[in-house]
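Asks: Sharing a structure here in structure tokens format.
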Amino acid sequence: MSAAAMQTDTQRVPKQGKFFIIDTDIRGEGPGHGVVIANEDKLLSPPRLIIRPESGGFPAMPEKPHLVYDPDAGDMPRDLEASLSGYWLVSEPLKNALETVDPQGFAFVACDFTLPDGTPGPQRFLCDVVRELDAVDEERSRLRVVVSDEYDNGKYYRLGGNVNLVFKSDVLGAAHVFRTPYSGDFVFCDWVTRNALGGHGFTGIRFIDMTKD
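Per our numbering, the sequence shown starts with residue 206, numbered consecutively.
This is the structure:
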């Protein structure tokens, strides 16, 4: 089950100890954003079919990513969009907010952005969450752990349904945003991140409560 199908909590002010999946909000109607990376072929590292390396982060790029907006393909991008060649696409205000919350958790690459009339669009960045922590306390959590050699790390967390995640505070340390080795593309954040980003009017962000009361 995708993150979009899970329960969401976007109205209440989260309490200390809460954790969320932070994801793109795809519940609204519409075609999505109409942005493409025009020079994506020049930025690939064969045999990868997307820019993002399997290990995450950013490869060496011979030139800046060049974004082009086609209004016939979709809407202007919101503050957060995903996925663009494996990355989030974020606005400059959201980038600044993310860096303030957790400066070590993210990597960014600035993009050129061209509007249909040929003029520059607002600054946009490709963003990757580069911190990975094996922080889920499996014994205290309520989730399904699938063990199989089909997965790169030998197991996978299925996060659909009545899931309740407990995280190891000694592993998290000062981290506010992170991935785990066993949850694919899902990105987790804590109540500090949710409180810091909420109320700023950022568009395109959805927080999915993973620690139920």
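All residues carry an ideal CB built from backbone N, CA and C; glycine is no exception. Keep in mind it's a predicted model, so treat the numbers as computed, not measured.
For the alpha helix (DSSP H) containing Asp375, list its first residue and its last residue.
Replies: For the purposes of this step, residue 375 is taken as the residue at position 170 of the sequence shown. Run containing Asp375: Ser374 to Leu377, per the alpha helix (DSSP H) assignment.
Asks: Spatial neighbours of Glu304 within its chain, please: CB distance less than 7 Å, with the 5 preceding and 5 following residues excluded, ordered by chain position.
Replies: As a first step, residue 304 is located in the sequence shown; it is residue number 99 there, counting from the start. Result list for Glu304: Phe311, in chain order.
Asks: Around the Cβ of Leu294, are there at least 16 other Cβ atoms within 10 angstroms (buried) or fewer (exposed)?
Replies: On the sequence shown, position 89 is the one that residue 294 refers to. Buried, because 16 or more other Cβ atoms sit within 10 Å of the Cβ of Leu294.
Asks: Taking Lys269 as the reference, which of Phe330, Gln309 and Asp230 has the closest Cα?
Replies: Taking the sequence shown and counting its residues from 1, the one referred to as residue 269 is at position 64. Closest by alpha carbon: Phe330.
Asks: Which of the three DSSP states is assigned to Glu297 in this structure?
Replies: Position 92 of the sequence shown, counted from the first residue, corresponds to residue 297. Helix, per DSSP.
Asks: How long is the line joining the alpha carbons of Gly389 and Gly291, rounded to whole angstroms?
Replies: Here residue 389 is taken as the residue at index 184 of the sequence shown, counted from 1. Here residue 291 is taken as the residue at index 86 of the sequence shown, counted from 1. Answer to the nearest angstrom: the Cα atoms are 12 Å apart.
Asks: Could you tell me if Ser353 is buried or exposed, where buried requires 16 or more neighbouring beta carbons within 10 angstroms of its beta carbon?
Replies: Stepping through the sequence shown from its first residue, residue 353 is reached at position 148. The residue in question, Ser353, is exposed, as its Cβ has fewer than 16 Cβ neighbours within 10 Å.
Asks: How many Å lie between Leu289 and Gly378 at the Cα?
Replies: One-based indexing of the sequence shown puts residue 289 at position 84. One-based indexing of the sequence shown puts residue 378 at position 173. For Leu289 and Gly378, the distance between alpha carbons rounds to 30 Å.
Asks: So, with DSSP's three-state summary, where would you put Thr213?
Replies: In the sequence shown, the residue the question calls residue 213 occupies position 8. Reliability of the predicted coordinates at Thr213 is poor, the pLDDT of 45 falling under 50, and no value is obtained from them.
Asks: Do you know how far the Cα of Glu344 is from the Cα of Asn369?
Replies: Within the sequence shown, numbered from 1, the residue matching residue 369 stands at position 164. Within the sequence shown, numbered from 1, the residue matching residue 344 stands at position 139. Near 11 Å, if we compare the C-alpha coordinates of Glu344 and Asn369.
Asks: Whole angstroms is fine: what's the gap from Thr229's alpha carbon to Pro276's?
Replies: Working through the sequence shown from its first residue, we reach residue 229 at position 24. Working through the sequence shown from its first residue, we reach residue 276 at position 71. Approximately 20 Å between the Cα atoms of the pair.
Asks: Less than 6 Å between C-beta atoms, sequence neighbours within five positions excluded: which residues of the same chain meet that for Val240?
Replies: To locate residue 240, count along the sequence shown from 1; it is residue 35. Only Leu272, Tyr274 and Pro282 meet the Cβ criterion.
Asks: Can you give the beta carbon distance from Thr385 to Leu338, rounded, assuming they're within the 8 Å contact cut?
Replies: Position 180 of the sequence shown, counted from the first residue, corresponds to residue 385. Position 133 of the sequence shown, counted from the first residue, corresponds to residue 338. Going by Cβ atoms, the distance from Thr385 to Leu338 rounds to 6 Å, so yes, they are a contact pair.
Asks: Do Asp395 and Phe224 have their C-beta atoms closer together than 8 Å?
Replies: Here residue 395 refers to the residue found at position 190 of the sequence shown. Here residue 224 refers to the residue found at position 19 of the sequence shown. Result yes, Cβ atoms of Asp395 and Phe224 sit closer than 8 Å.
Asks: On the criterion of 16 or more Cβ atoms from any shown chain inside 10 Å, does Thr324 qualify as buried, or is it exposed?
Replies: The residue given as residue 324 occupies position 119 in the sequence shown. When all chains shown are included, Thr324 counts as exposed.
Asks: Quick one: grab the DSSP three-state call for Glu268.
Replies: In the sequence shown, residue 268 corresponds to position 63, counting from 1. In the structure shown, Glu268 sits in coil (DSSP, three-state: anything other than H, G, I, E or B).
Asks: I need the straight-line Cα distance from Pro327 to Val350, nearest angstrom please.
Replies: What you label residue 327 is simply residue 122 of the sequence shown in a count that begins at 1. What you label residue 350 is simply residue 145 of the sequence shown in a count that begins at 1. Whole-angstrom Cα-Cα distance: 42 Å.
Asks: May I ask which residues mark the beginning and end of the alpha helix (DSSP H) holding Thr398?
Replies: One-based indexing of the sequence shown puts residue 398 at position 193. Taken as a continuous stretch (DSSP letters only), the alpha helix (DSSP H) holding Thr398 covers Trp396 to Leu402.
Asks: Please specify which runs of the alpha helix (DSSP H), each continuous and at least 4 residues long, are wholly inside the stretch 333-377, giving them in chain order.
Replies: 374-377, all fully within the stretch 333-377.
Asks: Measuring alpha carbon to alpha carbon, tell me which of Gly235, Pro236 and Ala265 ends up nearest Leu248.
Replies: One-based indexing of the sequence shown puts residue 248 at position 43. Among Gly235, Pro236 and Ala265, the Cα nearest to that of Leu248 is on Ala265.
Asks: State buried or exposed for Arg257, treating a residue as buried only when at least 16 other CB atoms are found within 10 Å of its CB.
Replies: For the purposes of this step, residue 257 is taken as residue 52 along the sequence shown, with counting starting at 1. Arg257 should be labelled buried.
Asks: Are Ile413 and Asp284 touching if we call contact CB-CB under 8 Å?
Replies: For this step, residue 413 is matched to residue 208 along the sequence shown. For this step, residue 284 is matched to residue 79 along the sequence shown. Against a cut-off of 8 Å, the Cβ pair of Asp284 and Ile413 comes out as no contact.
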